[in-house]
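**Student:**
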Amino acid sequence: MSDNYESIDKALDVESSIVETSSSEIKKQDPRKEKTDISKDYEYTRANLYSLIEKGQEAINGIMEVAEEGNSPRAYEVAGQLIKSVADTTDKLIDLQKKLKDVEEENSKTTNNSTTNNAIFVGSTSELQKMLKQGFLNNNEES
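With the working numbering applied, the sequence shown corresponds to residues 12 to 154, in that order.
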């Protein structure tokens with residue numbers, strides 16, 4: 012081997028070789044894949060929330076029957092807690108919609124790269140008036 016590391020190889024009594032790597036080994040996150048992950052997570056979470064709400068409603072119906080039959084204050088208390096739990100879950104469903112909308116807006120903001128060019132005049136007002144007057148006269152002559 013005739014490279015810059017030959018003396019090191021001899022000193023360490025080893026043989027070295029250059030290993031070529033291909034660019035296909037380097038994985039880059041595809042932004043489109045990220046978007047599909049977000050939509051998959053959204054659909055999964057949404058389905059779970061719907062399931063929780065339905066099961067909660069079934070539990071409320073069952074505990075209400077138990078409370079009516081037994082006239083137990085504890086059963087009514089549990090029913091009230093279940094109702095609150097189901098209401099909180101429905102609120103989470105709406106919050107999920109808002110969060111998805113925020114993520115989509117954030118993604119659209121990052122992809123929208125616009126350039127703004129501002130012109131600035133540095134000088135006195137009398138110089139600006141002269142320049143405007145001259146430009147106005149030039150425009151009238153062209154017409």
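Glycine residues also receive a C-beta, built at the ideal position from the N, C-alpha and C atoms. Predicted, not measured: the structure shown is a model, and the values here were computed from it.
Could you give the distance in angstroms between the alpha-carbon of I71 and the alpha-carbon of Q108?
**Tutor:** Straight-line spacing of the CA atoms in I71 and Q108 works out to 25 angstroms.
**Student:** With a 10 Å radius around its C-beta and 16 neighbouring C-beta atoms as the bar for buried, classify G67 as buried or exposed.
**Tutor:** buried
**Student:** Report back the beta-carbon spacing between A86 and A98 to the nearest angstrom; my notes put them in contact at under 8 angstroms.
**Tutor:** With 8 angstroms as the limit, A86 and A98 do not qualify as a contact, their Cβ atoms being about 19 angstroms apart.
**Student:** How far does the alpha helix (DSSP H) with E17 in it reach, from first residue to last?
**Tutor:** 17-23
**Student:** Quick one: what's got a C-beta closer than 7 angstroms to L93's C-beta in the same chain, skipping five residues either side?
**Tutor:** G67, A70, I71, I74
**Student:** Between the Cα of Y53 and those of S119, N151, K141, D106, spot the shortest distance and give me the residue it belongs to.
**Tutor:** D106
**Student:** Can you tell me which of the three DSSP states G134 falls into?
**Tutor:** Correct three-state label for G134: coil.
**Student:** Give, in chain order, every unbroken run of the alpha helix (DSSP H) that is at least 4 residues long and sits entirely within the stretch 74-113.
**Tutor:** none
**Student:** Decide if A90 is buried, meaning its Cβ has at least 16 other Cβ atoms within 10 Å, or exposed.
**Tutor:** buried
**Student:** Go ahead and pull the three-state DSSP assignment for I29.
**Tutor:** Under the three-state reduction of DSSP, I29 is assigned to coil, being neither helix nor strand.
**Student:** Among residues of its own chain, excluding the 5 on either side of R57, which ones have a beta-carbon nearer than 8 angstroms to its beta-carbon?
**Tutor:** L104, L107
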